[in-house]
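For reference, the structure is listed below as structure tokens.
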Amino acid sequence: AWVPNAHPRQRSEAAGQGGFLAQLRRPGVLAFYGCVALMQLAHGPYYTFFSIHLEALGYSRSFIGLMWALGVVAEILLFLVMARLLERFSLRQVLLASFLIAALRWVLLGQFAEHLAVLLVAQLMHAATFGSFHAAAIHFVQRSFGHRQQGQGQALYASLSGIGGALGALYAGYAWSGLGPGWSFAIASLAALAAAAIIAFRLQEDRA
């Protein structure tokens, strides 16, 4: 599920030099991949317990289905304008904003989801926590590796997304039963903030 028109205008000069491992060790690349896992880990309570959370707050199943759909619609609409955003903002800025919005979203869902307006805003934030993050991440991979290493770069992205998601579901299961929804989402928020700090300090400011 790559993004239409998500081909970077240029790769960095270092991209393509050396093999895959040499390119992986370039500044910021390993940090980026760590943040990929953190983002998916931070989605653990959402993907695992969002429906249960809303049911406990008194929302109907049909309404919960609409909330899932709202997140998907927000994500699709974001993809339609993503090319323009990446022309205006650097990958570092887009990734940083995605993580900061994710941190806020999980706090809103964990603490204030009983308020309909807050819930609607939180679901619209899916445009950032999945949409803009995924699009910027694909751009980063395309920019960071040479033509022959693109498949390996994409495979590593998919693998770490899966690992992060699995770990997120695992921790969410223990946290939800032991600490409750509020703390489960708070931990997710901290994971997103940690990734934001890594992006802020380890990625170079560079246009897509």
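Counting in the working numbering, the final residue of the sequence shown is number 213, and the numbers go up one at a time with none missing. In this text, a Cβ means the ideal position worked out from N, Cα and C, and glycines have one as well.
Buried or exposed (CB count within 10 angstroms, at least 16 for buried), residue i
i, result
"I143", "buried"
"I57", "exposed"
"S189", "buried"
"P32", "exposed"
"F84", "buried"
"Y38", "buried"
"G49", "buried"
"A200", "buried"
"G136", "buried"
Nearest-angstrom beta carbon gap, residue j and residue i [assumed within contact, 8 Å]
i, j, result
"Q28", "R97", "Not really, about 18 Å apart at Cβ, beyond 8 Å."
As assigned by DSSP and simplified to three states, the class of residue i
i, result
"G156", "helix"
"A108", "helix"
"E60", "helix"
"S65", "coil"
"R148", "helix"
"E80", "helix"
"H139", "helix"
"G89", "Checking the sequence, you will find Arg at residue 89 rather than Gly. DSSP places R89 in helix when its eight states are reduced to three."
Would you check if there are 3 or more beta carbon pairs closer than 8 Å linking the stretch 175-195 to the stretch 106-120?
Taking a contact to require three or more Cβ pairs closer than 8 Å, the stretch 175-195 and the stretch 106-120 qualify as touching.
Any chance the stretch 142-162 sits against the stretch 65-84, with 3 or more Cβ pairs inside 8 Å?
Between the stretch 142-162 and the stretch 65-84, the count of Cβ pairs shorter than 8 Å is below three; the stretches do not touch.
For the stretch 162-174 against the stretch 121-130, are there 3 or more C-beta pairs whose distance is under 8 Å?
Segments in contact, no.
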